[in-house]
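J.:
Numbering (the working numbering), first residue to last: 2 to 200.
(1) Just to confirm, are residue 34 and residue 7 a CB contact at a threshold of 8 Å?
(2) In terms of alpha-carbon separation, which member of 17, 90, 58, 199 lies closest to residue 167?
(3) Could you check if residue 54 is buried or exposed, using at least 16 other CB atoms within 10 Å of its CB as the buried criterion?
(4) Would you list, in sequence order, the uninterrupted beta strand (DSSP E) runs of no fewer than 3 residues that lie entirely inside the region 45 to 70?
(5) Would you check if the region 124 to 135 and the region 149 to 156 touch, i.e. whether three or more CB-CB distances between them fall below 8 Å?
(6) At the level of alpha carbons, what is the spacing between residue 185 and residue 164?
(7) Just reading off the beta strand (DSSP E) that residue 183 is part of, what are its end residues?
(8) Determine whether the beta carbon atoms of residue 43 and residue 79 lie at a separation below 8 Å.
(9) Out of 181, 135, 116, state which residue places its alpha-carbon closest to the alpha-carbon of residue 147.
(10) Flag this pair as yes or no: are the beta carbons of residue 288 and residue 106 separated by less than 8 Å?
(11) Considering only their Cβ atoms, is the gap separating residue 110 from residue 17 smaller than 8 Å?
(12) Would you report the Cα separation of residue 99 and residue 179, rounded to the nearest angstrom?
(13) Compute the beta-carbon to beta-carbon distance between residue 48 and residue 97, rounded to the nearest angstrom, for a pair I have assumed lies under 8 Å.
(14) Going residue by residue through the region 88 to 176, where are the continuous alpha helix (DSSP H) segments of at least 4 residues, counting only ones entirely within it?
(15) Taking only the alpha-carbon atoms, compute the straight-line gap between residue 22 and residue 119 and give it to the nearest angstrom.
(16) Can you give me the start and stop residues for the beta strand (DSSP E) that residue 72 sits inside?
(17) Considering Cα atoms alone, identify which of 85, 187, 41 is closest to residue 161.
(18) Can the beta-carbon of residue 87 be found closer than 8 Å to that of residue 134?
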């Protein structure tokens, strides 16, 4: 029998999140199932999202949009990841970026205020969120170093290592945007890489 998304979420909170059964049950009771179709926005830049989305299935991108309409991908996340704006969660300010489903995505939404309250009184919640924030900070540091120290070819290799499971599901123009290059430049890198691997 297939488990419901809420049941799967409860199991994840216990196993991966490290929450005791009582805390996981309380979170499950207040959580809401939300489904997004491909291209749907979970939230937009300028908004203050009031929930944390826990991805049960699907694929989501984080991206910035410039005043002249250019998009720059910030990150890609899938099953087991949390989607929210840390700027809003930690400081209450609007999100500087958009989040968009790239394929049908099933999530469990947990009220942000509930999580904040739990962090103040439950060490397990504090540890869970601290680990999540630390991982995001580490990824941000690695990405900054990649842009400063690596050429586009090396960044592409690093991308394939970091997103080995997601790369086949991503359009090349989204990958190019993440790498900070044009789709044409990415095509050249891929062609050159293919020749090197064939020789």
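The beta-carbon is built from N, C-alpha and C at its ideal position, and this holds for glycine as well. Treat the numbers as computed from the prediction; the structure is a model and nothing was measured.
T.: So, from the data block:
(1) Yes, the Cβ-Cβ distance between residue 34 and residue 7 is below 8 Å.
(2) From the listed residues 17, 90, 58, 199, the smallest Cα separation to residue 167 is found for 58.
(3) The residue is buried, with at least 16 neighbouring Cβ atoms inside 10 Å.
(4) Correct list: 52 to 58, 61 to 66.
(5) No: fewer than three Cβ pairs fall under 8 Å.
(6) Spanning the two alpha carbons is a distance of roughly 21 Å.
(7) Premise fails: residue 183 is in no beta strand (DSSP E) and is neither H nor E.
(8) For the pair residue 43 and residue 79, the CB atoms are not nearer than the 8 Å cut-off.
(9) If we check each option's Cα against that of residue 147, 181 comes out closest.
(10) Given that the chain is displayed from residue 2 to residue 200, the structure contains no residue 288 and the question cannot be resolved.
(11) No; because the gap between Cβ atoms is not below 8 Å, this pair is not in contact.
(12) Each residue's alpha carbon lies about 14 Å from the other.
(13) Incorrect: roughly 10 Å between the Cβ atoms, too far for contact.
(14) Within the region 88 to 176, the complete alpha helix (DSSP H) runs of at least 4 residues are 113 to 122, 124 to 150, 153 to 163.
(15) When rounded, the distance between both Cα atoms is 14 Å.
(16) For residue 72, the uninterrupted beta strand (DSSP E) run begins and ends at 72 to 78, by DSSP.
(17) Among 85, 187, 41, the Cα nearest to that of residue 161 belongs to 187.
(18) In this structure, residue 134 lies closer than 8 Å to residue 87 by Cβ.
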